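Protein chains in written order, with our numbering: chain A, 434 to 893; chain B, 190 to 316. Think of the CB as a built atom: it goes at the ideal place given N, C-alpha and C, for glycine as much as any other residue. Quick caveat, the model's predicted, so the values are computed rather than measured.
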Amino acid sequence: MRDYLIRFSQSHETFRLPEIQALALIEGIDMKVISYSLDSPFCIVNLPSEAAARRLIQRSILAMSIHELWGSGADLSAVHAAVHESTTHLWPQYLSCSFKFTIDSYQGSRAADDKVRIINSFAYLGFAGPIVMRRPDEEFILFEDWEFNSTPLGIPDPKHYYFGRYLATGARDLPKKLDLKKRRYISTTSMDAELALVTANIALAAPGKIMYDPFVGTGSFPIACAQFGAVAFGSDIDGRSIRGDEKKRTLRGNFQQYGLLAGLGGMFTADLTNSPIRRAGLRYDGDGVKGRLFDGIVCDPPYGVREGLRVLGVRDPEKSPWVIPKGKEMYKDPDFIPPRKPYGFLAMLDDILHFSAQTLVDNGRLSFWMPTANDEQQEVPVPTHPYLEVVAVCTQVFNKWSRRLITYRRIPDAEVDQEAMKAREEMKPVGKTVDELNPFRKAYFNGFEPVGGTADDDAP
Amino acid sequence: MKVLTLNFLTCAVKTCKASSDSFPLHPKDAELVSDDVELNPQLLVNLLPRIDWNALRTTSTELGFPQLPEQPPTPEELQADEKLLKDLHTLLMETQMNEGKLVCGHCSHEYAVREGIANFLLPSHLV
Chain A
434 MRDYLIRFSQ
444 SHETFRLPEI
454 QALALIEGID
464 MKVISYSLDS
474 PFCIVNLPSE
484 AAARRLIQRS
494 ILAMSIHELW
504 GSGADLSAVH
514 AAVHESTTHL
524 WPQYLSCSFK
534 FTIDSYQGSR
544 AADDKVRIIN
554 SFAYLGFAGP
564 IVMRRPDEEF
574 ILFEDWEFNS
584 TPLGIPDPKH
594 YYFGRYLATG
604 ARDLPKKLDL
614 KKRRYISTTS
624 MDAELALVTA
634 NIALAAPGKI
644 MYDPFVGTGS
654 FPIACAQFGA
664 VAFGSDIDGR
674 SIRGDEKKRT
684 LRGNFQQYGL
694 LAGLGGMFTA
704 DLTNSPIRRA
714 GLRYDGDGVK
724 GRLFDGIVCD
734 PPYGVREGLR
744 VLGVRDPEKS
754 PWVIPKGKEM
764 YKDPDFIPPR
774 KPYGFLAMLD
784 DILHFSAQTL
794 VDNGRLSFWM
804 PTANDEQQEV
814 PVPTHPYLEV
824 VAVCTQVFNK
834 WSRRLITYRR
844 IPDAEVDQEA
854 MKAREEMKPV
864 GKTVDELNPF
874 RKAYFNGFEP
884 VGGTADDDAP
Chain B
190 MKVLTLNFLT
200 CAVKTCKASS
210 DSFPLHPKDA
220 ELVSDDVELN
230 PQLLVNLLPR
240 IDWNALRTTS
250 TELGFPQLPE
260 QPPTPEELQA
270 DEKLLKDLHT
280 LLMETQMNEG
290 KLVCGHCSHE
300 YAVREGIANF
310 LLPSHLV
């Protein structure tokens, strides 16, 4: 076991640790996080081996690179002392290889002669091999963590240094490969490639695994899952999104574009509240696999803002009594489109949780996106279910609202709190109009006005 | 729609869920096509405990494939048996139902399959 330095990208900060922890789980690597902060791109982890470090990072979207950590400290002399103390036995291995020595300054910069002076202060390492700027055998990097805005503030030195030997880069090129701008077929709500891949990582998509997206749209999540070797299933209440134009621009066409057809499971038109997926009732003594179909469920359910949130059914059977008999008459017509009614966002989330509890294998994960207001008073709480344990809550902040990626683990039946399950059965949310059903939508169209302010409580 | 998918799907009508006749759905006027997919033994072994073997035997016979053994193999048996791996791969992953109908054995509701995509939306009187 020794320490390694992960250089993260300083974006989607709250997603970084859940992603790398998920990757450690997928690779079966015993990883301890030694130091990590949302404000810094540098993270120190303890890993069993160099090979484990390379495996850990190979499919990470948010980690840029991983390094064997030789020393760190608040100033250069501390770094030199640490390097002397812990790595003298390593130096002889690098006496004759070609190498390159660079400085990576985060939020700061150095003049060229300053850099040379700092690099030369490492001369005691005694590397005598040729210096090669392109594809050297080894690359040594001194990372500097500067205070924010350090150049205009005239701050002379970084607050922390890390020195290490480069090992491997993450999969930062994958978001480019799956870039929505170059994808043949997308819609207004397609998830961007980077976050879809991060979602697939956090949901533990991996070779041989079975994943499912109940709001598949044009297939962003299944594509990301397939990219990592899983076989992905999907459904959508609107079959047109799967079919596309039935020629080149289809969901299947997207899989084809990326050469991922082997990861395309089955796609079908269905409503989550009347799902055809085979499942058994929840119990307290299952074996963890039998009767359950999926290793992971990933989705971005409709919020009811940019697209309506509807399920099968008639909104007001008393006001429109003709709808049901007409449907009875017409439903065998191939062009018949069944009526839909507005549905509650929270009810839908609850249905997703319950469905996941029924269909995920033990330790399988559910990762879904949900929006919430930034104002604490209007925040939508994280939904819960006795069969699911919250693993991570990651947040992407916009101006007045945020969306969160919430990840759960299906716990084994034996660990479920049976009392909580009984209490849950007794509560069911009710409501009829779109606003009653969807507090987030209501807050969104009221401009996130504080509760009790000018917001119109009787909006239809 | 892959034969594997058929093994995951039952009738969407809620009152049918309790009946054993609602699963598997029965293919009718099925037009089959075959996709060329690379054999993935790891996937098949992972799938094995999730497959309802009796239902798969029924579907396989109804689609005109040779009879599957009465009992499912154990993961070890499956891994060691190259022919069975190949056969299951062809049946589950490569064979696709492109057009036709899926019929519930309990309520006789027919779900249309068009261009490999089945439609499980229900009219209001069945919701």
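Legend entry - Supposed contact pair ARG843 (chain A) and GLY880 (chain A) - C-beta distance, whole angstroms, cut 8 Å: On the first sequence, position 447 is the one that residue 880 (chain A) refers to. On the first sequence, position 410 is the one that residue 843 (chain A) refers to. Rounded, the Cβ-Cβ distance is 38 Å, inconsistent with contact.
Legend entry - Bounding residues of the alpha helix (DSSP H) (the contiguous stretch that carries THR248 (chain B)): The residue labelled residue 248 (chain B) in the question sits at position 59 within the second sequence. Element bounds for THR248 (chain B): 242 to 251.
Legend entry - Strand pairing of THR792 (chain A), partner residues [DSSP]: What you label residue 792 (chain A) is simply residue 359 of the first sequence in a count that begins at 1. Looking at the DSSP assignment, THR792 (chain A) forms no beta bridge with any residue, so it has no partner.
Inset, instruction - Check each residue of the segment 224 to 255 of chain B: if its Cβ is closer than 8 Å to any Cβ of chain A, include it; give the result in chain order. - result: ASP224, VAL226, GLU227, ASN229, GLN231, LEU232, VAL234, ASN235, LEU236, PRO238, ARG239, ASP241
Legend entry - Residue burial classification, GLN810 (chain A) (beta-carbon count within 10 angstroms, cutoff 16): Numbered from 1 along the first sequence, position 377 holds the residue referred to as residue 810 (chain A). GLN810 (chain A) comes out exposed.
Inset, instruction - Go to GLY672 (chain A), then tell me how far its alpha helix (DSSP H) extends in each direction, as first and last residue. - result: Your numbering for residue 672 (chain A) matches position 239 in the first sequence. Here the alpha helix (DSSP H) through GLY672 (chain A) covers 672 to 676.
Inset, instruction - Say whether chain B places a C-beta atom closer than 7 Å to the C-beta of ASP890 (chain A). - result: Your numbering for residue 890 (chain A) matches position 457 in the first sequence. Any reading at ASP890 (chain A) must be qualified, since the residue scores a pLDDT of 43, below 50, and its modelled position is unreliable; the value itself is stated next. Output row for ASP890 (chain A): interface = no.
Inset, instruction - Could you tell me if GLN285 (chain B) is buried or exposed, where buried requires 16 or more neighbouring beta carbons within 10 angstroms of its beta carbon? - result: Residue numbering aside, residue 285 (chain B) sits at position 96 when the second sequence is read from its first letter. Buried is the call here.
Inset, instruction - Grab me the residues of ILE462 (chain A)'s own chain with a C-beta within less than 6 Å of its C-beta, minus the 5 sequence neighbours each way, in chain order. - result: Counted from its first residue, the first sequence places residue 462 (chain A) at position 29. Hits under 6 Å: ALA485, LEU489.
Legend entry - Euclidean distance between Cα positions of PRO591 (chain A) and GLU812 (chain A): Residue 591 (chain A) sits at position 158 when you count from the first residue of the first sequence. Residue 812 (chain A) sits at position 379 when you count from the first residue of the first sequence. Roughly 38 Å between the two C-alpha positions.
Inset, instruction - Tell whether a beta-carbon distance below 7 Å holds between LYS217 (chain B) and VAL292 (chain B). - result: Here residue 217 (chain B) refers to the residue found at position 28 when the second sequence is read from its first residue. Here residue 292 (chain B) refers to the residue found at position 103 when the second sequence is read from its first residue. Yes, the Cβ-Cβ distance between LYS217 (chain B) and VAL292 (chain B) is below 7 Å.
Inset, instruction - Could you tell me the distance, in whole angstroms, from the CA atom of SER583 (chain A) to the CA atom of GLY541 (chain A)? - result: Locating residue 583 (chain A) in the first sequence gives position 150, where the first residue counts as 1. Locating residue 541 (chain A) in the first sequence gives position 108, where the first residue counts as 1. In a straight line, the C-alpha of SER583 (chain A) is about 6 Å away from that of GLY541 (chain A).
Legend entry - Neighbouring residues, chain B, relative to GLU679 (chain A) (Cβ below 8 Å): Residue numbering aside, residue 679 (chain A) sits at position 246 when the first sequence is read from its first letter. Residues of chain B passing the Cβ test: GLU304.
Inset, instruction - Could you tell me whether the Cβ atoms of GLY721 (chain A) and ASP795 (chain A) are closer together than 7 Å? - result: The residue labelled residue 721 (chain A) in the question sits at position 288 within the first sequence. The residue labelled residue 795 (chain A) in the question sits at position 362 within the first sequence. Contact: yes.
Inset, instruction - Could you tell me whether the segment 703 to 719 of chain A touches the segment 633 to 643 of chain A, using the rule of 3 or more Cβ pairs below 8 Å? - result: no
Inset, instruction - Alpha carbon to alpha carbon, how far is TYR594 (chain A) from LEU509 (chain A)? Give it in angstroms, no decimals. - result: Translated into the one-based positions of the first sequence, residue 509 (chain A) becomes position 76. Translated into the one-based positions of the first sequence, residue 594 (chain A) becomes position 161. Cα-Cα distance, rounded: 7 Å.
Legend entry - Simplified DSSP state of MET644 (chain A), which is helix, strand or coil: Against the first sequence, residue 644 (chain A) aligns to sequence position 211. In the structure shown, the three-state DSSP call for MET644 (chain A) is strand.
Legend entry - Cβ contact check for the segment 681 to 698 of chain A and the segment 222 to 233 of chain B: 3 or more pairs under 8 Å: yes
Inset, instruction - Residues of the segment 720 to 754 of chain A with a CB closer than 9 Å to any CB of chain B: list them in chain order, please. - result: ASP720, VAL722, LYS723, GLY724, ARG725, LEU726, PHE727, ASP728, VAL744, LEU745, GLY746, VAL747, PRO750
Inset, instruction - Please report the residue range of the beta strand (DSSP E) in which MET854 (chain A) lies. - result: Against the first sequence, residue 854 (chain A) aligns to sequence position 421. Element bounds for MET854 (chain A): not the beta strand (DSSP E) but the alpha helix (DSSP H), 851 to 858.
Legend entry - Residue-level contact to chain A via CB, PRO312 (chain B), 7 Å cutoff: By one-based count along the second sequence, residue 312 (chain B) stands at place 123. Yes, PRO312 (chain B) counts as interfacial toward chain A.
Inset, instruction - Would you grab the beta carbon distance between TYR437 (chain A) and VAL478 (chain A) for me? Rounded to a whole angstrom, and I think it's under 8 Å. - result: Numbered from its first residue, the first sequence carries residue 437 (chain A) at position 4. Numbered from its first residue, the first sequence carries residue 478 (chain A) at position 45. About 6 Å; that satisfies the 8 Å criterion.
Legend entry - Chain-ordered chain A contacts of LEU198 (chain B) [CB-CB under 7 Å]: The residue labelled residue 198 (chain B) in the question sits at position 9 within the second sequence. Chain A residues near LEU198 (chain B): PRO709, ILE710, ARG711.
Inset, instruction - Using three-state DSSP, classify GLU518 (chain A) as helix, strand or coil. - result: By one-based count along the first sequence, residue 518 (chain A) stands at place 85. DSSP places GLU518 (chain A) in helix when its eight states are reduced to three.
Legend entry - Residue-chain proximity (MET286 (chain B), chain A), Cβ-Cβ < 7 Å: For this step, residue 286 (chain B) is matched to residue 97 along the second sequence. Not an interface residue.
Inset, instruction - Determine which residues share a DSSP beta bridge with GLU220 (chain B) and list them. - result: Here residue 220 (chain B) is taken as the residue at index 31 of the second sequence, counted from 1. Looking at the DSSP assignment, GLU220 (chain B) forms a beta bridge with B:GLU288.
Inset, instruction - Look at the alpha carbon of ALA207 (chain B) and the alpha carbon of SER674 (chain A), and state the distance between them as a whole number of angstroms. - result: Taking the second sequence and counting its residues from 1, the one referred to as residue 207 (chain B) is at position 18. Taking the first sequence and counting its residues from 1, the one referred to as residue 674 (chain A) is at position 241. Whole-angstrom Cα-Cα distance: 31 Å.
Legend entry - Proximity test, Cβ basis, 7 Å: THR279 (chain B) and chain A: Against the second sequence, residue 279 (chain B) aligns to sequence position 90. No - not a single Cβ of chain A is within 7 Å of the one on THR279 (chain B).
Inset, instruction - Can you give me the Cβ contacts of GLY562 (chain A) inside the same chain, cut-off strictly under 8 Å, excluding the 5 residues immediately before and after it? - result: The residue given as residue 562 (chain A) occupies position 129 in the first sequence. Once the five neighbours on either side are set aside, the close Cβ partners of GLY562 (chain A) are TYR527, LEU528, SER529, CYS530, SER531, PHE532, ASP570.
Legend entry - As assigned by DSSP and simplified to three states, the class of LEU838 (chain A): Working through the first sequence from its first residue, we reach residue 838 (chain A) at position 405. It is a strand residue.
Legend entry - Inter-residue Cα distance where the pair is PRO893 (chain A) and VAL867 (chain A): In the first sequence, residue 893 (chain A) corresponds to position 460, counting from 1. In the first sequence, residue 867 (chain A) corresponds to position 434, counting from 1. Unreliable placement is indicated for PRO893 (chain A), whose pLDDT of 42 sits below 50; no coordinate value is reported for it.
Inset, instruction - Note down, one range per segment and in chain order, each beta strand (DSSP E) of at least 3 residues found wholly within the segment 541 to 610 of chain A. - result: 571 to 578, 593 to 602
Legend entry - Spatial distance of LEU745 (chain A) from TYR300 (chain B) (CA atoms): Residue numbering aside, residue 745 (chain A) sits at position 312 when the first sequence is read from its first letter. Residue numbering aside, residue 300 (chain B) sits at position 111 when the second sequence is read from its first letter. Cα to Cα, LEU745 (chain A) sits roughly 15 Å from TYR300 (chain B).
Inset, instruction - For the beta strand (DSSP E) holding ALA496 (chain A), just list the boundary residues, first then last. - result: One-based indexing of the first sequence puts residue 496 (chain A) at position 63. It spans 496 to 506 - the beta strand (DSSP E) in which ALA496 (chain A) sits, taken as one unbroken run.
Inset, instruction - Give the residues of chain A in contact with THR194 (chain B), contact being defined as C-beta atoms less than 8 Å apart. - result: Your numbering for residue 194 (chain B) matches position 5 in the second sequence. Within chain A, the residues near THR194 (chain B) are PHE666, GLY698, GLY699, PHE701.
Inset, instruction - Flag this pair as touching only if the segment 243 to 258 of chain B and the segment 678 to 690 of chain A have three or more C-beta atom pairs under 8 Å; answer yes or no. - result: no
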